[in-house]
Every structure is written in structure tokens, then in C-alpha cells.
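Going by our numbering, the sequence shown opens with residue 3, and the numbers climb by one from there.
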Amino acid sequence: MKRIRSILEDRLGFTLAVNIVLLLAALFLFRPFFEENDDLSLALIAEGAFGKRSPFLIYTNIAYGWLLNVLYTIIPTIRWHCVLQYAAVFLALLAVTYMNASSRRGKGLCVVVLLCTFYELYVSLQYSKTSAFVCLCGYFLLTGDFARGKGTASKHGTAKSIAGSVLLIFGYALRQDGFLLASIFALVIFIAGLLRRLSADRSRIAALFISWVRALAPAFAVIALLYIVNGLAYGGDPGWKSFIAYNATRTELIDYRYDLLDYGAHAAELEELGISENDALLFLTWQFGDREVFTKEKMEEVLDSPFAKARAFDLTMAKAFARHLYDDVLSLNPCFLGVVIMAGFYVRSIAKKRAACPRERTADFGYGFLPLVLMLLALGFILVFYEYSGRWSHRIVYAAFTVFIYAALYEISVTDGEDMSGEEESEGEFPGILLGIVTASVIAVFLGNHFERNAFYRNEPAYQEFLSAVSKDKERLYVADTFTFQNSCKYDVFRPLREGSLDNFVLAGSWYVNSPLTDGLLSGYGYRDPYHALRTGGEGVILVDNVYADKKLLCLNEHYPDSYRLEEAGEEAGFHKYVVKKNSGTDRK
């Protein structure tokens, strides 16, 4: 016990111990999973499951794709896309824990914060969340010494600068949107630092600004270079250049303005544009792989139509916003509890400082509360923006919550200054009831994690058995329904697929359909797109669909002169298989 206590009393020992324990708990007590299937798709593309490995991952920087290609070439038996995220999160947590573990109070805060966030960072894996968190920690490492009022970097300044730059650059390469989200809170911290300096010594504001610029300049220079290289890589390939333009339009319509495809509200207008109710459904359910029907020009017509007015933040949207807050926030998720706890500790920290300096009750303490106000405004802005844009999702909400928690921890440590490293701690700093609530919440998500996994394997078709059979049947092309395979491989976080194992398998619609990735696969069988394969492939093309087979058939019959029908081709491992056949004569069945 004495040995353990001495380790925990040591700053570095505490940092390593608590983070290693949480990582092992996440890996072996919990069941890590892909929060969304985007991470699985990125991993499959990088692994070369659809034919050959590609660095063109669309939503990550090309440099990240190149890095994965190198790693998969060296060791192809590891799902590197996930391993790199775990490594980056672990390094970031080590850094932020060490920065704040100089006292018992700081260690207590770190324990609370880690308990509140490790599930979202380690268990519910999502690359946008990872990117935002890693980038914010990179900012902390690069600028922390200056925010604390030090004129120069600490004795570990070089190591911190290197680690901070690596985290910031990696986070940017992983997901640009995550970098931007973290930058919003970094800007808040920068403004808070300027205001603190303004209240203390106005003459040194310029020095603080210059120190930040110098600290960030190398990392930002590399990020700018990566941005240019990414543009050249995609722009220099005609196929990718065309797809990126198509994908931007698709994103605008289906991700942001899907309300325009609501047939209940816009039936007449959509019909006039040549979009049937079935077409709208296929758009909304990601079954838009027919190049001749779901064209870029058709999507632009919808976006440019007179009825495509900007959304109004009306009562209906306000109700939806309140419902989302209720569903996502009031679920007692540990991460949401962390937001409340850190906001409370921030207020308490300022109040204690105010009580200790009764003569300074005006402007200085106004500056003290301003960072919290700005962070809450930033959090509110992000939540309202994603509600308004129609893209409210767990990953965005909890990425914002996670970033807020660590930004608040950082600001508390800066605000407390020397108090943070003091040896005297007031009693009741961390009431047992508070730790009890957080622990109960962690236990709740632990049980939920296991219940959901067990339900998944009870209800989900045997996808591993099916994919194994598909990989052995190279004579035929398999066109799969997107929703049928939406959750497949959800818990296969560390198990990669063999290169080329699914080079005869394509989804009827996805964010990478009709890109050079799928074009290369389909052209090997002589087809232009998934729907072209269905209507011309006969027995050589199998439709795998447990949900929307009839809707795909209706699409073919609505838009092509021939008449088609579905013939069952059996069932395998819980997946229904069909062959599309052309009817004789003009009868439509």
C-alpha cells in the first residue's frame, strides 16, 4: 500500500497510473465500438478491403492516408486507423493529466474529468471526437506556459512543443472539422489570456500575443502545407476532382438540406423536378448510387429551386432542439455530468479567489468569470448551429462537451495559479456524493455497453460468416443495401479485413459511392455503378438487401424503359439475396 501511495503522490507516477488503468479498463472491461460506420469505412478503404489500399479517404487529409498505407504495408494485421486514435488520445490524456496533477486538488480534478470522458474517447470511438480532443490538447501544450503568465517556456518546453505540434497536426490530418471545433475553444482561451493580462499588466499584451504566435507558427505552417498537398492530390486526379465536386453537392443536400426532400412538404415541387417519392426516399436512405438518376445536376436543381429557402429557427425547430437536449443531455451520460461539474468548479474557483481578495471585487473578477461565459457561449453556438443545419448527432454534441470539459479544466488551473500547486487542501474539496454520482454514471454506461453488445450479437445477422462467403465467390458481384450492413463490424475495432477480400462487394449508396474507389471495383466487372450492375448483370450480380429491395426495383422500373422483377436467390447467414431479372415484353410486375 505504501508503494502504491508513493506512486500516486508522485506527479508522473499518478499520471501514468491513472491513465494506464483507464485505458486497460476501456479495452478489457468495456467493449469498444464504432459510434458510426464512417470509421469502419475509413478503415476498410485504408486496409484495401475493396481491392487495393488507398490514401484517398475523402474526409481525412491525404497525409493521414499515406501514413496508414505505410503502416498497413509493414503490419497488415492491425487496424491502424483505430490504433492511431488510441495512441493519440492516450498521449493527449497523459499530457493534460500531468499539466494539472501538481497538487491533490489538481489530481482530484483530473480523476473526475477522466472518469467523465474516457468512455467517449476510448469506448465510443469516432474520429471527429478524437480529432477535436487531440487538437485541443495540442493547443494546451503549445501555449500553456504563456497562458500561466510565464514569459518563456518551461524546462520541458522543447518536449512539450514537439508533443503539442504532433497532436495538433495529427488531429488536423485526421479530421479538419475536429480541428476547427477545437480552435473555437482555443480562441476563447486566447481571449481569456489577453483579458487576464489586460487586468494585470497592459504593457505585456503584445508580448503574450507574440509568444502565442511563435508557439503555434511551426505547427500551423505544417498544417498549411498539408492543406495545400491535400488539394493538389485530389485536384491533380481528374476522377477525384470530379468526385469531390459531386460529394460537396451531395453533402449540402443530404447532410444539411435533407428537409428539401420531404415529399410530404414539397411533393409538387419535387415532382416538377422529376424526383419521385421513391427517389426522395432513396436519397434520404443513402441508396443513391445510380449515376444516371441521382446526378449532381439534379441535386443542384433541388438546392437552387425557389422552395429551397433558408431554414427559419421557428417554434418547430426550437421544440426539436429541446427534444435533442432532453434525449442527449439529460441521459446522465458521464460526459454531460462533466460539463456541469467543471462549470461548477470554475465558479467555485473564482468565488474562492474573490473571498481571498475582498478588496478586489470589481473588474478583475469580471475578467475571471468571462472565460466561462465565453466557453458556454461557444458550446451553445455549436449546439444551435448543428440543430439549425439539421446535423445534430451524438458525435458532434459529445465532441463539444468533451472539449468544453478540458478547456474548463485548463482555465481552472490557470485561474488558480499558485493555489493549484499548494499543499493545503480544504476539506470537502471533492464531496463523496459527487464522486458517487460520477461513478454511478460510469457503471450505468458500462452496463449499457454490455447490454447493447449482447443485443447486437443476438439480433444482427452473422455478417462475418456472410462476408467470408462473399470473399470466396469472386465470380459474382454483390451489391449491398446500405442499411442492411449499417451496423456490421461495429465491434470489430481492432480486427482488419484482408486486402482485396471484398473486391466484389459494393454498397448501393455511401459517401464514397461513385468515387474512383468504387469505380475501379465495378469496372473490373464491366459496370458503371451499382444500379447499372443490378439491371444488366443478371445472375452474375447479387442484391443483398433486408430492407429496401423493393425500393431499388421501383427505381429501375421508374427510370428505365425495360421492366424488371426480383427473384429470390436464397438466404445466407440471415441476409436475403436477390437477382434482378428483366421481364419479357412490356409487362411490369
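C-beta atoms are modelled at their ideal positions from N, C-alpha and C, and glycine is treated no differently.
Exercise for the section: Helix, strand or coil for S43, going by three-state DSSP, please let me know. Expected result: If you number the sequence shown from 1, residue 43 lands on position 41. Looking at S43 - three-state DSSP - the assignment turns out to be helix.
Problem - Exposure label - T79; buried when at least 16 CB within 10 Å - result: Against the sequence shown, residue 79 aligns to sequence position 77. Exposed: under 16 other Cβ atoms inside 10 Å.
Problem - Three-way DSSP call (helix, strand, coil) for F245 in this model - result: Taking the first residue of the sequence shown as 1, we reach residue 245 at position 243. In the structure shown, F245 adopts helical secondary structure according to DSSP, grouped into three states.
Exercise for the section: Could you check the C-alpha separation between E425 and W394 for me, to the nearest Å? Expected result: Working through the sequence shown from its first residue, we reach residue 425 at position 423. Working through the sequence shown from its first residue, we reach residue 394 at position 392. At E425 the pLDDT is 42, less than 50, meaning the model places this residue with poor confidence and gives no usable figure here.
Practice task
Look at the alpha carbon of I22 and the alpha carbon of E37, and state the distance between them as a whole number of angstroms.
Solution key: For the purposes of this step, residue 22 is taken as residue 20 along the sequence shown, with counting starting at 1. For the purposes of this step, residue 37 is taken as residue 35 along the sequence shown, with counting starting at 1. Approximately 23 Å, taken between the alpha carbons.
Problem - Spatially closest choice to E477 from T417, G522, V543, Y533, by CA coordinates - result: Within the sequence shown, numbered from 1, the residue matching residue 477 stands at position 475. Of the listed residues, the one whose Cα sits closest to E477 is V543.
Practice task
In angstroms with no decimal places, state the Cα-to-Cα distance between V91 and L73.
Solution key: Mapped onto the sequence shown, residue 91 falls at position 89. Mapped onto the sequence shown, residue 73 falls at position 71. Answer to the nearest angstrom: the Cα atoms are 19 Å apart.
Exercise for the section: Please confirm if the segment 291–308 is in contact with the segment 529–546, defined as three or more CB-CB distances below 8 Å between the two stretches. Expected result: yes
Handout entry: Other residues of its chain near N585: CB distance less than 7 Å, five sequence neighbours each side excluded
Key = Counting from 1 along the sequence shown, the entry for residue 585 is found at position 583. So the qualifying residues of the chain are S565, Y566, R567, K591.
Practice task
Can you check DSSP and say which residues form a bridge with H578?
Solution key: On the sequence shown, residue 578 is found 576 positions in, with the first residue counted as 1. BP columns for H578 point to E573.
Practice task
Report yes if the CB atom of A409 is closer than 9 Å to the CB atom of V190, and no otherwise.
Solution key: As a first step, residue 409 must be located in the sequence shown, where it is residue number 407. As a first step, residue 190 must be located in the sequence shown, where it is residue number 188. Yes, they are a contact pair.
Practice task
Consult DSSP for S470 and reduce its assignment to one of helix, strand or coil.
Solution key: Here residue 470 refers to the residue found at position 468 when the sequence shown is read from its first residue. Looking at S470 - three-state DSSP - the assignment turns out to be helix.
Problem - Proximity of A221 and I171 at Cβ, strictly below 9 Å - result: On the sequence shown, residue 221 is found 219 positions in, with the first residue counted as 1. On the sequence shown, residue 171 is found 169 positions in, with the first residue counted as 1. Yes, Cβ-Cβ distance for A221 and I171 is below 9 Å.
Exercise for the section: Measuring alpha carbon to alpha carbon, tell me which of V495, V481, I256 ends up nearest L504. Expected result: The residue given as residue 504 occupies position 502 in the sequence shown. Comparing Cα positions, the closest option is V481.
Exercise for the section: Would you kindly check if the distance between the Cβ of T297 and the Cβ of K131 is under 9 Å? Expected result: Here the question's residue 131 lines up with position 129 in the sequence shown. Here the question's residue 297 lines up with position 295 in the sequence shown. Not a contact, by the Cβ cut-off of 9 Å.
Practice task
Over the uninterrupted beta strand (DSSP E) stretch that includes F507, give me the two end residues.
Solution key: For this step, residue 507 is matched to residue 505 along the sequence shown. Start and end: 507–509.
Problem - Rounded Cβ spacing between A345 and L374 (contact assumed at less than 8 Å) - result: Looking up residue 345 in the sequence shown gives position 343. Looking up residue 374 in the sequence shown gives position 372. Cβ-Cβ separation between A345 and L374: approximately 7 Å, consistent with a contact (criterion under 8 Å).
Exercise for the section: Quick one: which unbroken beta strand (DSSP E) runs of 3-plus residues sit fully inside the segment 481–560? Chain order, please. Expected result: 507–509, 543–546
Problem - Contacts around V125, its chain only, beta-carbon distance under 6 Å, and the 5 residues preceding and following it disregarded - result: The residue given as residue 125 occupies position 123 in the sequence shown. Excluding positions up to five away in sequence, the list reads A28, F32, P34.
Practice task
Express the C-alpha separation of M101 and F448 in angstroms, rounding to a whole number.
Solution key: Residue numbering aside, residue 448 sits at position 446 when the sequence shown is read from its first letter. Residue numbering aside, residue 101 sits at position 99 when the sequence shown is read from its first letter. Spanning the two alpha carbons is a distance of roughly 28 Å.
Handout entry: Within-9 Å CB hit, C137 to chain B
Key = This model lacks chain B altogether; it includes just one protein chain.
Practice task
Could you tell me which residues DSSP puts in a beta bridge with F36?
Solution key: Sequence index remark: in the sequence shown, residue 36 carries index 34 (1-based). DSSP output for F36 lists L127 as bridge partner(s).
Handout entry: Beta-carbon gap between L176 and Y66 smaller than 9 Å
Key = Translated into the one-based positions of the sequence shown, residue 176 becomes position 174. Translated into the one-based positions of the sequence shown, residue 66 becomes position 64. Cβ atoms of L176 and Y66: closer than 9 Å.
Practice task
Within 10 angstroms of the Cβ of L41, are there 16 or more other Cβ atoms? Answer buried if so, exposed if not.
Solution key: Taking the first residue of the sequence shown as 1, we reach residue 41 at position 39. Here the sequence assigns Asp to residue 41, which means Leu is not the residue at that position. With 16 or more other Cβ atoms within 10 Å, it is buried.
Practice task
Please report how far the alpha carbon of F458 lies from the alpha carbon of N489, in whole angstroms.
Solution key: Stepping through the sequence shown from its first residue, residue 458 is reached at position 456. Stepping through the sequence shown from its first residue, residue 489 is reached at position 487. So the two alpha carbons sit approximately 9 Å from each other.
Handout entry: Counted within 10 angstroms of its Cβ, other Cβ atoms place V342 as buried (16 or more) or exposed
Key = Residue 342 sits at position 340 when you count from the first residue of the sequence shown. Counting Cβ neighbours within 10 Å, V342 comes out exposed, since fewer than 16 surround it.
Handout entry: Boundaries (first-last residue) of the alpha helix (DSSP H) holding M101
Key = For this step, residue 101 is matched to residue 99 along the sequence shown. Element bounds for M101: 82–102.
Handout entry: Cβ shell of F592 (< 8 Å), same chain only, five flanking positions each side left out
Key = Because the chain is modelled from 3 through 591, residue 592 falls outside the range shown and cannot be assessed.
Practice task
Report the rounded CA-to-CA distance for S517 versus F52, giving the unit in angstroms.
Solution key: Taking the first residue of the sequence shown as position 1, residue 517 is located at position 515. Taking the first residue of the sequence shown as position 1, residue 52 is located at position 50. Each residue's Cα considered, the two are about 12 Å apart.
Problem - Boundaries (first-last residue) of the alpha helix (DSSP H) holding N335 - result: Here residue 335 is taken as the residue at index 333 of the sequence shown, counted from 1. First-last for N335: undefined, no H or E at that position.
Exercise for the section: Starting from the N-terminal side, write out each stretch of the alpha helix (DSSP H) that is 4 residues or longer and does not extend beyond the segment 5–30. Expected result: Look at the segment 5–30 and you find these whole runs of alpha helix (DSSP H), each 4 residues long or longer: 13–26.
Exercise for the section: Mind reading off the beta-carbon distance from A575 to P498? Whole number of angstroms is fine, and I expect it under 8 Å. Expected result: Counting from one through the sequence shown, the residue named residue 575 turns up at place 573. Counting from one through the sequence shown, the residue named residue 498 turns up at place 496. Between P498 and A575 the Cβ distance is about 20 Å, and since that is not below 8 Å, they are no contact.
Exercise for the section: Could you check what DSSP says for R567 in three-state terms: helix, strand or coil? Expected result: Residue mapping note: residue 567 aligns to position 565 of the sequence shown, counting from 1. Of the three classes helix, strand and coil, the one that applies to R567 here is strand, per DSSP.
Exercise for the section: Determine the burial state of M422: buried for a count of at least 16 other Cβ atoms within 10 Å of its Cβ, exposed for fewer. Expected result: As a first step, residue 422 is located in the sequence shown; it is residue number 420 there, counting from the start. Below a pLDDT of 50, predicted positions are generally treated as unreliable, and M422, at 42, falls in that range; the measurement from the model is reported next regardless. Buried: at least 16 other Cβ atoms inside 10 Å.
Handout entry: Whole-angstrom distance between S43 and K487, CA atom to CA atom
Key = Indexing the sequence shown from 1 puts residue 487 at position 485. Indexing the sequence shown from 1 puts residue 43 at position 41. Before going on, a small fix: residue 487 reads as Phe here, not Lys. When only Cα atoms are considered, F487 and S43 end up about 11 Å apart.
Exercise for the section: Tell me, please, which residues DSSP counts as bridged to L479. Expected result: By one-based count along the sequence shown, residue 479 stands at place 477. According to DSSP, which records beta bridges pairwise, L479 is partnered with V543.
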